[in-house]
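In this note's numbering, the protein residues as written are 5 to 359.
If you want it as structure tokens, here you go:
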């Protein structure tokens, strides 16, 4: 049985612990921040009204014997605490007022607000911490499909590869903060060494920093599922929805032998697409279109067979100016079905050749 203590703590104390890095808000197992301003505002109103909200779960962490300090981490409650910190820093308004614009009496009431806490008697790197996080989210909160897979298959090499491609994991400590809590202790050292020696630049620039996904979609890891499916398509062919991706997460838990080949192919395809200099509002930045176009480029052994880069761009722009009806439907309806993926691929092959 896990020992725990139920208590409450003033809001100001938790905020100061976060600022001083004695309480880590975003450990490796936490999902990305996904609350929009409307959610943050509604939550802060709960505090301003003096109403209670569910407990914050905290792993008590480890003691540094030299500095005689303890570093804890939030197991569940990241988004609530992030909203509180941001509001006290005047990052957003509630009822047209920043925190600093509230009356001294109200600010004092907010800072003295009692936050319910469950202190778990666990170290930050204890595997049970991640298990508790998963169970809390299965029971109380809504995780989307990829967030569940990301947590469940956190140590699968196939998942690790996709996370490395999208910059979703940290591999080394940062001297400026307690970043050891950002590193998943279940990641094999062998994979960490490989990832450090094999950086991913072009793919991240195209997919993570480009025009394919919105910031909100990135925060919900939609781009990670996109990447898993691209990887699975390259080694298993075209399929329906996420079928092969989820299967490969199981089959390649321990090792994935195509890391170097796929990294090279993905970087080459990404550089090629970036060199096209497509406008930001290009039809090809639609997720379904980019998926099929990228998968087509990745499977080519030599992109030089496509001819001059200017000619390729002209073909893509001409296609966008007069989109075949069949393709248009396949890029809008049932886009992740095998049939629609095949239709898009066939049109792209016919347009560009080279296969």
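Ideal Cβ placement from N, Cα and C applies to all residues, glycine included.
- Message: Relative to the C-alpha of residue 81, which candidate in 116, 115, 335, 122 has its C-alpha closest?
- Response: By one-based count along the chain shown, residue 81 stands at place 77. Checking every option, the nearest Cα to that of residue 81 belongs to 122.
- Taking only the alpha-carbon atoms, compute the straight-line gap between residue 107 and residue 118 and give it to the nearest angstrom. Taking the chain shown and counting its residues from 1, the one referred to as residue 107 is at position 103. Taking the chain shown and counting its residues from 1, the one referred to as residue 118 is at position 114. Each residue's Cα considered, the two are about 19 Å apart.
- Task: Report buried or exposed for residue 181, applying the criterion of at least 16 other Cβ atoms within 10 angstroms of its Cβ.
- Result: Translated into the one-based positions of the chain shown, residue 181 becomes position 177. Residue confidence for residue 181 is low, a pLDDT of 44 falling below 50, so the modelled location carries little weight; the figure read from the coordinates is stated next. The residue in question, residue 181, is exposed, as its Cβ has fewer than 16 Cβ neighbours within 10 Å.
- Task: Could you give the DSSP three-state label for residue 80: helix, strand or coil?
- Result: Against the chain shown, residue 80 aligns to sequence position 76. Looking at residue 80 - three-state DSSP - the assignment turns out to be strand.
- At which residues does the alpha helix (DSSP H) containing residue 8 begin and terminate? Here residue 8 refers to the residue found at position 4 of the chain shown. Looking at the DSSP string, residue 8 is not in any alpha helix (DSSP H); the run it does join, the beta strand (DSSP E), is 8-14.
- Query: Grouping DSSP H, G and I as helix and E and B as strand, with all else coil, what is residue 63?
  - Reply: Position 59 of the chain shown holds residue 63. Note: residue 63 maps to strand in three-state DSSP.
- Task: Compare the beta carbon distance of residue 260 and residue 162 with 7 Å and say whether it is the shorter of the two.
- Result: The residue given as residue 260 occupies position 256 in the chain shown. The residue given as residue 162 occupies position 158 in the chain shown. Contact: yes.
- Item | Closest residue to residue 200 among 283, 62, 171 (Cα-Cα distance) | Translated into the one-based positions of the chain shown, residue 200 becomes position 196. Ranking 283, 62, 171 by Cα distance to residue 200 puts 171 first.
- Item | Element boundaries [alpha helix (DSSP H), containing residue 228] | Start at 1 with the first residue of the chain shown, and residue 228 comes out as number 224. Start and end: 226-240.
- On the three-state DSSP scale, how would you describe residue 27? Here the question's residue 27 lines up with position 23 in the chain shown. Strand.
- Message: Under DSSP, the beta strand (DSSP E) around residue 124 begins and ends at which residues?
- Response: Indexing the chain shown from 1 puts residue 124 at position 120. Note, residue 124: beta strand (DSSP E), 118-124.
- Message: When you compare the CB positions of residue 302 and residue 350, do they come within less than 7 Å of one another, or not?
- Response: By one-based count along the chain shown, residue 302 stands at place 298. By one-based count along the chain shown, residue 350 stands at place 346. No, the pair does not count as a contact, with Cβ atoms beyond the cut-off.
- Spatial neighbours of residue 145 in its chain, beta-carbon cut-off 6 Å, leaving aside the 5 residues before and after: What you label residue 145 is simply residue 141 of the chain shown in a count that begins at 1. Note that residue 145 scores 46 on pLDDT, short of 50, meaning its location in the model is unreliable and no value can be drawn from it.
- Where residue 55 and residue 258 are concerned, what is the direct C-alpha to C-alpha distance, given to the nearest angstrom? The residue labelled residue 55 in the question sits at position 51 within the chain shown. The residue labelled residue 258 in the question sits at position 254 within the chain shown. Taking the straight line joining both Cα atoms gives about 48 Å.
- Who are the Cβ neighbours of residue 280 in its own chain at under 8 Å, not counting the five residues just before and after it? Against the chain shown, residue 280 aligns to sequence position 276. Closer than 8 Å at Cβ, skipping near neighbours: 313, 316, 317, 320.
- Query: From residue 99 to residue 44, what distance separates their C-alpha atoms?
  - Reply: Here residue 99 refers to the residue found at position 95 when the chain shown is read from its first residue. Here residue 44 refers to the residue found at position 40 when the chain shown is read from its first residue. In a straight line, the C-alpha of residue 99 is about 12 Å away from that of residue 44.
- Using only alpha-carbon positions, find the residue among 276, 231, 11 that is nearest to residue 164. As a working note, residue 164 is residue 160 in the chain shown. Nearest C-alpha to residue 164: 231.
- Item | Short Cβ contact (7 Å threshold) for residue 216 with residue 289 | Here the question's residue 216 lines up with position 212 in the chain shown. Here the question's residue 289 lines up with position 285 in the chain shown. For residue 216 and residue 289, yes; Cβs fall inside 7 Å.
- Residue from 85, 355, 11, 348 with nearest C-alpha to residue 243: If you number the chain shown from 1, residue 243 lands on position 239. It is 348.
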